[in-house]
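Protein sequence lines, in the order shown, are assigned to chains A and B.
Residues are numbered in our numbering as their position in the first sequence, beginning at 1, plus a constant of 1.
Residues are numbered in our numbering as their position in the second sequence, beginning at 1, plus a constant of 1.
There are 2 protein chains.
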Amino acid sequence: MAIEREEFKKLLKEKGLKVTRQRLVVLEVLAESPEEHLTAEEIYERVKTENPDIGLATVYRTVQLLLELELIDRINLDDGFVRYEIGDTQENEHHRHHHLICLRCGRVSAFQKDMLEALETGVEAALGFRVTDHEVKLYGICRNCSEQERI
Amino acid sequence: MAIEREEFKKLLKEKGLKVTRQRLVVLEVLAESPEEHLTAEEIYERVKTENPDIGLATVYRTVQLLLELELIDRINLDDGFVRYEIGDTQENEHHRHHHLICLRCGRVSAFQKDMLEALETGVEAALGFRVTDHEVKLYGICRNCSEQERI
DNA sequence: TTAGATTTGAGAAATATTAACAATTCAAAA
DNA sequence: TTTTGAATTGTTAATATTTCTCAAATCTAA
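Put into structure tokens, the structure is as follows:
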């Protein structure tokens, strides 16, 4: 479950930050599409439908703020854009940077964090490297595309 | 072991590409520092000591070519630069995009590919996603920094 | 040596993101 | 509600990496 509007307001106030229309709308756009990975420009386009006077710089600034508050995550698909997606407040840690990227259909999805735990403990045991965060991208062919291929 | 100069020449000829001084020097710079992760600008600076007349665009073009030939790998540390490192011809697959990034000293190192296998087979078994490539970055504190901290 | 295609160098162009700064907006106090 | 001061915003310019353009140079096969 993503963060609620009222929780967000409370969080801003706690940090001494102001609750602005722009901040609410940017978060809302991201919260509306938990499965998508939007670029700043895409967020800007969507925000403009509700708030035509918003500036692109404000989107960049707000996205930066939301990252710092750990309400959203970033993903870089190496296509020249940084993308953003709403985080999941159910998880204790908001580091959900592990994605499956289908080379056929382009779909980006996440997989369960616990699948990474073996890898991380393995690295710690073998190399003494204490893992605190990760960004994992696995490229390949998703189930859907595999099945369509077979037909 | 990285690719040899003569192998590279042969590979270029096989593909109908020309063997140029610039291509040889760029590969050499990368081969000299298998542990480093150089930006295009850094490669350019080093190449210029042997070849002062080279252009930056040529470095970008050559690096692109070397990527396509799978002689080098790219890594993006999200600091605004794409970085390149020589690949390892010993491995059958040249996808060595798995790195440990120390948040204390900034060192970037690689870990053995076989540690990833469990993760990849797990994803395949659980989700039907056939993994063909990966880019894995684990952030944390390396052994060196952990030990220095303790002193 | 020649010829033709590829490659290069230099600088312009493209493009994502950040910085600067005056104008606006928010929120606490009067 | 009004006031007030600081935070935030919008606009535009700036920054910086990477790509594009094109004439000149270079490579390779004949």
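Each residue gets a CB set at the ideal place from its N, CA and C atoms; glycine is no exception.
Just so we're clear, the structure is a prediction, and the values are computed from it rather than from any experiment.
Let me know the secondary structure DSSP gives residue i once reduced to three states.
i         : result
Asn93(B)  : Because the pLDDT at Asn93(B) is just 49, under 50, the model does not fix this residue reliably, and the point stays unresolved.
Ser34(B)  : coil
Arg105(A) : coil
Leu13(B)  : helix
Leu39(B)  : strand
Glu121(B) : helix
Glu148(B) : helix
Glu5(B)   : coil
Met116(A) : helix
What does DSSP give as the partner residue(s) for residue i in the beta ladder?
i         : result
Gly56(A)  : Paired residue(s): none; Gly56(A) is not in a bridge.
Lys138(B) : Glu136(A), His100(B)
Thr50(A)  : DSSP lists no partner for Thr50(A).
Arg131(A) : Ile142(B)
Ala111(A) : His100(A)
Ile87(A)  : Ile73(A)
In the DSSP assignment, the beta strand (DSSP E) including residue i goes from what residue to what residue?
i        : result
Asp80(B) : Here Asp80(B) belongs to no beta strand (DSSP E), and DSSP marks it neither H nor E.
Verify whether the separation of the beta carbon atoms of residue i and residue j is less than 8 Å.
i         : j         : result
Leu120(B) : Leu70(B)  : no
Leu78(B)  : Ile102(B) : yes
Phe130(A) : Cys143(B) : yes
His135(B) : His99(B)  : yes
Glu104(B) : Val132(A) : Going by the sequence as given, residue 104(B) is Leu instead of Glu. Not closer than 8 Å, so no.
Val27(B)  : Val64(B)  : yes
Met116(A) : Gly141(B) : no
Leu39(B)  : Arg84(B)  : yes
Gly56(B)  : Ile73(B)  : no
Tyr61(A)  : Ala41(A)  : yes
Val1(A)   : Arg6(A)   : Any answer about residue 1(A) is impossible in this case: the structure gives chain A only from 2 up to 152.
Phe112(B) : Leu128(A) : yes
Pro153(A) : Glu86(A)  : Given that chain A is displayed from residue 2 to residue 152, the structure contains no residue 153(A) and the question cannot be resolved.
Val137(A) : Val137(B) : yes
Thr50(A)  : Gln23(A)  : no
Can you pull the chain A neighbours of residue i, defined as C-beta to C-beta under 9 Å?
i         : result
Phe130(B) : Leu101, Cys103, Ser110, Phe112, Leu139, Gly141, Ile142, Cys143, Arg144, Ser147
Glu121(B) : Leu139, Gly141
Need the endpoints of the alpha helix (DSSP H) that residue i sits in, please.
i        : result
Val20(B) : Segment: none, Val20(B) is in no alpha helix (DSSP H) and carries neither H nor E.
What in chain B is Cβ-close to residue i, meaning under 8 Å?
i         : result
Leu117(A) : Leu120
His135(A) : Val137, Lys138, Leu139, Tyr140
In chain B, which residues lie with their C-beta within 7 Å of the C-beta of residue i?
i        : result
Asn77(A) : Asn77, Asp79
Using the beta-carbon of each residue, which ones in chain A are nearer than 8 Å to residue i?
i         : result
Val124(B) : Leu101, Phe112, Met116, Leu139
The ligand SAH and residue i: does the residue's C-beta get closer than 7 Å to at least one heavy atom of that ligand?
i        : result
Glu51(A) : With respect to the ligand SAH, the structure offers nothing, as it holds no ligand at all.
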